[in-house]
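Novice: So that we are looking at the same thing, I have put the structure below in structure tokens.
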Amino acid sequence: MAANLFNVRYVSRFGSDRLMRVGSIAAGLMGVTVAVTSATGWGGLTGLVVPLFLFISCTGLIAANSIAGALNLFPEVAGSVSALIGASQFGSGILGSVLVGLFANGTPFPLGGSMAFFGMGCTLCALLLVRTT
Numbered sequence: 029m030a031a032n033l034f035n036v037r038y039v040s041r042f043g044s045d046r047l048m049r050v051g052s053i054a055a056g057l058m059g060v061t062v063a064v065t066s067a068t069g070w071g072g073l074t075g076l077v078v079p080l081f082l083f084i085s086c087t088g089l090i091a092a093n094s095i096a097g098a099l100n101l102f103p104e105v106a107g108s109v110s111a112l113i114g115a116s117q118f119g120s121g122i123l124g125s126v127l128v129g130l131f132a133n134g135t136p137f138p139l140g141g142s143m144a145f146f147g148m149g150c151t152l153c154a155l156l157l158v159r160t161t
């Protein structure tokens with residue numbers, strides 16, 4: 029909720045693309061942090077839960093801004109864009125579940141590794157594909 033409130037308050041000042049990039053970079057960093065802490069056990073449960081919470085919080089900056097940006101690019105086919113976004117969200121969730129299940133070894137590392145993979149993918153897409161002014 030805090031990330032969503034931050035987004036609502038500052039989107040007009042900084043722009044949706046810039047806030048989405050910040051959220052994407054933070055998600056990438058937190059995904060890597062979860063992977064490292066889940067592999068090493070550093071910080072115990074707190075070392076896993078805090079970056080996991082921050083990773084999920086980044087959704088408040090990424091989701092709304094990326095959807096608004098996609099709809100803004102293709103307003104004449106907004107329904108199709110919305111359907112594609114929804115399908116890609118469900119599809120990536122399915123892919124993440126499959127990856128965690130395939131690499132399950134009784135530790136939290138498969139989750140952390142998947143989060144790092146998708147977080148860095150989000151970061152790379154935001155850095156390479158989104159232009160900010």
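Position in the sequence shown (from 1) plus 28 gives the number in the numbering used here.
Each residue gets a CB set at the ideal place from its N, CA and C atoms; glycine is no exception.
Remember, predicted model here, so these are calculated numbers, not experimental data.
Starting from the Cα of Val158, find the closest Cα among Arg41, Ser52 and Val64 and give me that residue.
Specialist: Along the sequence shown, read from residue 1 onward, the residue named residue 158 stands at position 130. The candidate whose alpha carbon is nearest that of Val158 is Ser52.
Novice: Going straight from the alpha carbon of Thr135 to that of Val39, what length do you get?
Specialist: Residue numbering aside, residue 135 sits at position 107 when the sequence shown is read from its first letter. Residue numbering aside, residue 39 sits at position 11 when the sequence shown is read from its first letter. About 39 Å.
Novice: Looking at Val50 and Leu80, is the spacing between their C-beta atoms short of 8 Å?
Specialist: As a position in the sequence shown, residue 80 is number 52, starting the count at 1. As a position in the sequence shown, residue 50 is number 22, starting the count at 1. Not a contact, by the Cβ cut-off of 8 Å.
Novice: Report the three-state DSSP secondary structure of Thr74 (helix, strand or coil).
Specialist: Sequence index remark: in the sequence shown, residue 74 carries index 46 (1-based). Correct three-state label for Thr74: helix.
Novice: Leaving out five residues on either side along the sequence, give the residues of the same chain with a beta carbon under 8 Å from the beta carbon of Met58.
Specialist: Mapped onto the sequence shown, residue 58 falls at position 30. Cβ neighbours of Met58 beyond the five flanking positions: Pro79, Leu80, Leu82, Phe83, Cys86, Met143 and Gly147.
Novice: If you run the structure through DSSP and keep just helix, strand and coil, what is Gly141?
Specialist: Here the question's residue 141 lines up with position 113 in the sequence shown. In the structure shown, Gly141 sits in a helix (DSSP, three-state: H, G or I).
Novice: What is the residue span of the alpha helix (DSSP H) that Arg49 lies within?
Specialist: Your numbering for residue 49 matches position 21 in the sequence shown. Taken as a continuous stretch (DSSP letters only), the alpha helix (DSSP H) holding Arg49 covers Ser44 to Thr68.
Novice: Quick one: measure Cβ to Cβ for Ser44 and Gly97, integer angstroms, because I've assumed they're closer than 8 Å.
Specialist: Mapped onto the sequence shown, residue 44 falls at position 16. Mapped onto the sequence shown, residue 97 falls at position 69. Correct: roughly 6 Å between the Cβ atoms.
Novice: Taking just the CA atoms, how far does Gly71 sit from Ala91?
Specialist: The residue labelled residue 91 in the question sits at position 63 within the sequence shown. The residue labelled residue 71 in the question sits at position 43 within the sequence shown. C-alpha separation (whole angstroms): 29 Å.
Novice: Check Phe146 in the structure and name its three-state DSSP category.
Specialist: Position 118 of the sequence shown holds residue 146. In this structure, Phe146 counts as helix in the three-state DSSP scheme.
Novice: Can you grab the Cα-Cα spacing for the pair Leu123 / Gly75, in whole Å?
Specialist: Numbered from its first residue, the sequence shown carries residue 123 at position 95. Numbered from its first residue, the sequence shown carries residue 75 at position 47. Their backbone Cα atoms lie some 25 Å apart in a straight line.
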